[in-house]
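One structure is given below, encoded as structure tokens.
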Amino acid sequence: MNEPVRIKYAHPPGHVRAPYFLRGKRGIVITNLGPRIDAERSAYRQTAPKIDLYRVRFSMAELWGDQAEHPFDTVDAEIYDNWLEWENRASPLGE
Amino acid sequence: MPHDEIIHSPAGISASGHPYREDQDAPLTYWQNMEIAIRELLVEKNVTTPQEISATIDAMDARSPADGARVVARAWVDADFRARLLADGSAACREMSFDIGALKLIALENTPDIHNVVVCTLCSCYPRNLLGLPPDWYKQRAYRARVVKTPRAVLGEFGLKLPATTQVRVHDSTAEMRYIVIPLRPHGTGEMSETELADLVSRDSMIGVAVARQP
């Protein structure tokens, strides 16, 4: 994969699985874990189509800037597709 | 001083100087009441039995890091198994006949240049079906908040100092997957059996806050 993404900077209520400290941050998608039950919906017993889940890697420099302990260390997290803005893909609205 | 000393200081230290746990004299909380009510209803409606509940608790308590240690030791001695473990952690555990339920496991291999450490910043996700219950510190905010920002400082407090040339990869279990670290096999263990090797693999080394023990 190795595709650059940005996590949406959004603050919806509920059983949200995208941690605050990653929102608005840029990372690299390293693995597509495939279509999975959307935990953000299933927590409320909402039935919804499965949604792609990705492992995304962030550098400490991106997350913490000058406060980073070691800029090349990384954080990997699982992020659902609805949270991703693909930097090199055309937006569905043609923006 | 006798151990039945009943005059306790407010600080939670008995007069004879050892800490004590307060008696549970407070009323049940809302959620404790809810749990009891639902459990009793399920029993009354013959959905489950107290024996079945006890047996399930026993089964969870019986899981221990020793299961994970056996997986790591197998990966150290069997390169084909290691490849399968890295490709599909759950399938590799089932291959060793571990009953891991719905656990979806990703194995993270440490190398001389990469050190992996696991956290769940949102709650306390942990590969319980393989490693048993998580340690208390794993569930606390201090670990969860700090290890994603200053992992080297946190690892240092566990007694693990990593050189600047080693990359630290923190893995946040935010959704479906659970993670186990395969620590580096210690030097000088070439003659050891798989069973002996498993004794070198601590719980903390599979979370990534330690390395495997030197024999």
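Those sequence lines, one after another, are chains A and B. Each residue of the first sequence is one higher than the one before, starting from 10 at the first, in this note's numbering. Each residue of the second sequence is one higher than the one before, starting from 54 at the first, in this note's numbering. The C-beta atom is built at its ideal place from N, Cα and C for all residues, glycine as well.
- Runs of the beta strand (DSSP E) lying entirely within the segment 202 to 266 of chain B and spanning at least 3 residues, in chain order: 220 to 225, 231 to 235.
- Close to chain B, meaning a Cβ-Cβ distance shorter than 8 Å, are the following residues of the segment 79 to 98 of chain A: His79, Phe81, Asp82, Thr83, Val84, Asp85, Ala86, Glu87, Ile88, Tyr89.
- Listed along chain B are Thr174, Leu175, Val201, Asp225, Thr227, each with a C-beta nearer than 9 Å to that of proline 28 (chain A).
- The segment 41 to 84 of chain A is shown to contain whole beta strand (DSSP E) runs of 3 or more residues at 60 to 68, in chain order.
- In this structure, the straight-line span from the alpha carbon of glycine 243 (chain B) to that of serine 67 (chain B) is close to 51 Å.
- If you look at leucine 184 (chain B), you'll find it in the alpha helix (DSSP H) that goes 181 to 184.
- Residue range 83 to 97 is occupied by the alpha helix (DSSP H) that includes leucine 95 (chain B).
- Sequence-ordered contacts of the segment 45 to 68 of chain A with chain B read Arg45, Ala48, Leu62 [C-beta pairs closer than 7 Å].
- Cβ proximity to chain A below 7 Å picks out Thr203, Pro204, Arg205, Ala206 from the segment 203 to 214 of chain B.
- Under the 8 Å Cβ criterion, the segment 30 to 42 of chain A counts as touching the segment 80 to 100 of chain A, having at least three qualifying pairs.
- In chain order, His79, Asp82, Thr83 make up the part of chain A whose C-beta sits under 8 Å from the C-beta of valine 221 (chain B).
- The C-beta distance from leucine 215 (chain B) to histidine 168 (chain B) rounds to 6 Å, short enough to meet the 8 Å contact threshold.
- Scanning chain A for C-beta atoms nearer than 9 Å to the C-beta of methionine 230 (chain B) yields Leu42, Leu62, Arg64, Glu87, reported in chain order.
- The alpha carbon of arginine 127 (chain B) has as its nearest neighbour, out of B:Ile110, B:Ala115, B:Glu148, B:Ser117, the alpha carbon of B:Glu148.
- Its Cα nearest to that of glycine 154 (chain B), the residue B:Ala144 stands out among B:Ala144, B:Pro118, B:Pro80, B:Ile260.
- If you draw a straight line from the Cα of threonine 164 (chain B) to the Cα of proline 236 (chain B), it comes to about 8 Å.
- CA-CA distance, cysteine 146 (chain B) to histidine 71 (chain B), rounds to 43 Å.
- The segment 116 to 133 of chain B and the segment 251 to 259 of chain B touch, with three or more beta-carbon pairs separated by less than 8 Å.
- Bridge pairing for arginine 35 (chain A): A:Arg15 [DSSP].
- Within 10 angstroms of the beta-carbon of serine 69 (chain B) lie fewer than 16 other beta-carbons, which makes it exposed.
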